[in-house]
Amino acid sequence: MAAARCFDETFVAPQWLPGGEAFWYRRKTGEKTAKFILVDIPRKATRPAFDHARLANALEKCAGDAKIDPEELPFSWIELEDSSVRFRFEGQIWQYQPGKSLVKWPGEFTQGNKTLMRRQEPSTSNHASEIASVNFINSTRATLNLYQVNEEGVEKFFMPLSVGKKLVQKTHAGLFWRIEDRDSGQLRGIYRVPDVGHSTVVVGEVDVDEYLGPGNDLPEGWSQRRNSNGRIYYLDHNTKTTHWDHPAILRDFGDQEAIVKPNGDTKGNEGNEGTRTQQTDDDNTSSASCNDQINRGGLQLFVQKGSLWLKDKDGNKNRLSEANPKGSRYANETIYISPDKKFLIAWQYTLPTETEEFWIEYSPDDSNHPRLVETPSKLLGDDPGFDRPRLFNLALKCEIETADDVFLDQYQLHHLGWSPDGSEYRLIFDGRGHRVLKILGIDQTGSIRVLHQEESQTFIDVTSKMYHKVLDKSDRLLWASERDGYNHLYLIDLQQGRIQHQVTQGHWNVQMVELVDEENEQVWVSTYGFHRNEDPYHVHLVRVNFDGSNIQSLTEGDGTHSWSWPMDGRKYFVDSWSRVDLPPQTMVRCGVTGVPILKIEGITAKALKQKGWVPPERFQCPGRDGTTPIYGIIIKPSNFSKFGKFKARKYRIVEDIYAGPYDFFTPKSFGEVIHEPAWSGCGYVSIQLDGMGTNWRSKKFHDVCYKNLMDSGFPDRIKWIKEAAKTRSWMDLSRVGIVGSSEGGANAAAALLHHGHFYKVAISSCGAHDQTLSNLWWSEQWLGYPADKAAVENSNTTHAKKLPENAKLMLIAGGMDHALSPASVMRFVQELNKYNKMYELVFIPGGGHECGSEPYGLMRAEAFLKANLGS
């Protein structure tokens, strides 16, 4: 396909060299061929990173004279230093230098994003770990799969991340995420969430196994395996034994626990957040020496059987905390000592409750008999746990009383830290149902004040939009809020307890904070809708002063943008942008002004059309209210022709839906649509759009989803399709189908239940049909708290009897879907049976959450559409 080849050959994944003034990238020249290109920015020059032919010739001699094509070199990662190039071949790092022989290099690779270059380990995160936020950015040519890794090393599929997409995800410090190429399974990184509140991880085109050396950390005769539950284990073929633990010391590339400031200094975990002690096992005695943190003659804090104790230099022990309520405890990792070493805050907590979920593995690899798989999950009805910060006077060795009622009805608390002078400890209170956020301050007397408060009649989007950063030098806080109807940044004076400035404003949204320069009082943000004459979902990079002045877009070009900064500088950045109807354009820009410096890659849409490319059409029209624009795309069938032999042709329509309220889902970039959708390839008009209730428009637009998930934006969707058909006579409104997976699977089925007059056929894969089985975070964010009838009313199970007699519904369920229990599908099936409804069920015993988009699921879906939507 012309589009796929164009994307491959124009894709730029910059690998910056030290100093931030040059980078290399791997330019594909064919399906299996590529060249390494070096970009020298000061000289405004691009050239081959090395002499490919001479290196191939030298490498042939080391490979037993096997023929090596200069554009099919057997490696994808290089490191450049002066005139030398290093690479890994057959497990060994080699160095090539012009005019010299090829030699083995005894060291390790040192460049690249080392936060991802590691082997898998069990997570060290638990309930006591601090809440953190990670910005995952997919800077590869392929869709990525994200997996959470628990404390036992078991992976759980989380979600896919499309080409060029960003995901802001709430998580916990110490949790590991495994990132793989969805199609090839190639490992792109293992990321450990650092203890810095907010972090960004750019996932690039680096083969981690090649970077580290596949299996080099395992002793001879050992191999790594993964069991049916996703847990990594190791086989020692020498002794024919199995081990859960890694047999060798893993290479440690660091966890980036330090925060890099704009002036290049680093800040550890101390600073104004206070000193944190290390992780503890709460059921036993563990200690954290405070000799370095508290200059009071060798005091030592420790947790014993859930209580907090203090031991002086003479060995005398004092219990700081009173007898704890049943089930509550302390942990060393949530102890925060004031900068003056006179006070400490310790978080007493109770664990959340969890519900056991069960799966049946019908054909396990190591047994002829089915196996019951059990996994605990936090579901609707479970308790999120309870955190209770307590204040202690270290000199008096006692607790200072603080009010209990302030902490009631919490969903979770977020640590901010001590004020610079140690007079007050700050934290964020997030209430049940996420309708209230408070910034609280506890002073040394135990008095608690509200420094700032946010309220909503519906919900505060803590899932995708919560952001806060303490500015150490000025005792202020950068804070994200939708208080004016759009997601913007505010500067809060923590001493005065008031908003000092609104940093950004307008009918657009701050999507992510990229960089904060406290010294110069500037912030860089990625935005949606900054340019009013563009699609409001286009991403642009913007810089603004703390006081809201001198706001400037650093990216120009009508499209959605992604960018890459060097690890050690902000002088230049690489900007790539595209649309579904515009191939990628890539250039180097000035990091200060955004002015273009050097074009790297790009082809015009006109030139690509001449090679046979038919771009998707972008279409917009007012939604249900008659004024708000709704945006989507239309992809013509591959066999499209306006006229048949005797009359104008009509084409069936298939909508691909996902109306999950945490994001928007219509493709905006070229890379997301380079592969022909299965439905257009089968002769259908393929459409995608985002109706009201999805994210990243106005707060009013988003609020439509509140306690109203079954709406799914259908009033906007149906109107949009009808409007599009008015100027496209080849769209057949009498034959409209809809497909979706996960929440999209629930949406697809709901289309027939509530709008069967318009949609005739639906394929629902791994659908969330019963909202009473939803995760706790999902339920409280979108359906509110206390739990009322919303979960029941928004479940397809409740409305099964509404399925029209002539509707055609296919349900696909994966028996080992750990992301969304197949019980949700089966409960819907049970209700359909109760009302004698006709449907088709495809149960894939070993299928996971993505089984509907895998070959067998696609084959069944295509056959169902062909049989029931007509041809």
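In the UniProt record's numbering, the protein residues as written are 1 to 871. All C-beta atoms, glycine included, are put in the ideal place defined by N, C-alpha and C.
{"Query": "Since GLY189 sits in a beta bridge, which residues does DSSP pair it with?", "Result": "ILE179"}
{"Query": "Who are SER553's beta bridge partners in DSSP?", "Result": "VAL542"}
{"Query": "To the nearest whole angstrom, what separates the beta carbons of TRP720 and ILE630, a pair I think is in contact under 8 Å?", "Result": "5 Å"}
{"Query": "Might you give, ordered along the chain, the residues of its own chain that have their beta carbon closer than 6 Å to the beta carbon of GLU840, omitting 5 neighbours on each side?", "Result": "MET810"}
{"Query": "In three-state terms, what does DSSP make of TRP720?", "Result": "helix"}
{"Query": "Measure the alpha-carbon distance for GLN457 versus ARG435 and round it to whole angstroms.", "Result": "7 Å"}
{"Query": "Below 8 Å on the Cβ atoms is my guess for GLU514 versus VAL525; work out the distance and round it to an integer in Å.", "Result": "6 Å"}
{"Query": "So, are the CB atoms of THR560 and HIS538 less than 8 Å apart?", "Result": "yes"}
{"Query": "Hey, could you find the ends of the alpha helix (DSSP H) GLY744 is sitting in?", "Result": "743–755"}
{"Query": "So, for ALA725: in the same chain, excluding its five sequence neighbours on each side, which residues have a beta-carbon less than 6 Å away from its beta-carbon?", "Result": "MET731, LEU733"}
{"Query": "Which partner residues of GLU357 appear in the DSSP bridge assignment?", "Result": "THR375"}
{"Query": "Beta-carbon within less than 6 Å of LYS802's beta-carbon, same chain only, minus the 5 sequence neighbours each way: which residues are those?", "Result": "LEU753"}
{"Query": "Taking C-alpha atoms, which residue in PRO194, ARG589, ASP69, ASP387 lies nearest to ASP40?", "Result": "ARG589"}
{"Query": "Could you tell me the alpha carbon to alpha carbon distance between GLY204 and SER481, rounded to whole angstroms?", "Result": "31 Å"}
{"Query": "On the premise that GLY30 lies in contact with SER133, defined as a C-beta separation below 8 Å, what is that separation, rounded to the nearest angstrom?", "Result": "Actually they do not touch by this definition, with Cβ atoms about 40 Å apart."}
{"Query": "So GLY852 and SER741 are supposed to be a Cβ contact under 8 Å. How far apart are they, rounded?", "Result": "5 Å"}
{"Query": "Judging by CA-CA distance, which residue of ARG192, HIS675, HIS501 is the nearest neighbour of ALA173?", "Result": "ARG192"}
{"Query": "Only counting the same chain, and skipping five residues up and downstream in sequence, which positions put a Cβ closer than 7 Å to that of ILE460?", "Result": "HIS434, ARG435, LEU437, GLU454"}
{"Query": "For the segment 468–512, which segments carrying the beta strand (DSSP E) assignment without a break, of at least 3 residues, lie completely within its bounds, in sequence order?", "Result": "468–471, 476–481, 488–493, 498–502"}
{"Query": "Threshold first: 3 residues or longer. Then list the beta strand (DSSP E) segments lying entirely within the segment 567–622, N to C.", "Result": "572–579, 582–590, 596–602, 617–622"}
{"Query": "Look up PRO370 in the DSSP assignment and say whether it is helix, strand or coil.", "Result": "coil"}
{"Query": "Just verifying my parser: in three-state terms, what is the DSSP assignment at ARG5?", "Result": "helix"}
{"Query": "Please state whether the Cβ-Cβ distance between ILE37 and ALA56 is less than 8 Å.", "Result": "no"}
{"Query": "Going along the chain, which residues of its own chain have a beta-carbon closer than 6 Å to the beta-carbon of ILE674, five neighbours each way excluded?", "Result": "ALA3, ALA4, PHE7"}
{"Query": "In the structure shown, what three-state DSSP assignment does THR46 receive?", "Result": "strand"}
{"Query": "Residue range of the alpha helix (DSSP H) that ALA53 falls in?", "Result": "52–62"}
{"Query": "Considering only the beta carbon of each residue, do VAL580 and ILE634 sit closer than 8 Å?", "Result": "no"}
{"Query": "Go ahead and label ILE360 buried or exposed: buried means 16 or more other beta carbons lie within 10 angstroms of its beta carbon, across all protein chains shown.", "Result": "exposed"}
{"Query": "For the alpha helix (DSSP H) containing GLY417, list its first residue and its last residue.", "Result": "Looking at the DSSP string, GLY417 is not in any alpha helix (DSSP H); the run it does join, the beta strand (DSSP E), is 410–418."}
{"Query": "By Cβ distance, which residues of its chain are closer than 8 Å to residue 874, with the 5 residues on each side in sequence left out?", "Result": "No information on residue 874 is available, as it lies outside the stretch 1 to 871 that the chain covers here."}
{"Query": "In its own chain, which residues sit with a C-beta less than 6 Å from the C-beta of GLY497, not counting the 5 before and 5 after it?", "Result": "LEU451"}
{"Query": "Rounded to whole angstroms, what is the Cα-Cα separation between VAL736 and SER139?", "Result": "35 Å"}
{"Query": "Please look up how many angstroms separate the CB atoms of ARG319 and TYR349, rounded, as I've assumed it's under 8 Å.", "Result": "Actually they do not touch by this definition, with Cβ atoms about 18 Å apart."}
{"Query": "Report, in whole angstroms, the separation of the C-beta atoms of SER321 and GLU399, which I expect to be a contact under 8 Å.", "Result": "6 Å"}
{"Query": "Which stretch, first to last residue, makes up the alpha helix (DSSP H) that contains VAL825?", "Result": "823–834"}
{"Query": "Of the choices LYS606, ARG371, GLY815, TRP565, whose alpha-carbon is the least far from that of GLY20?", "Result": "TRP565"}
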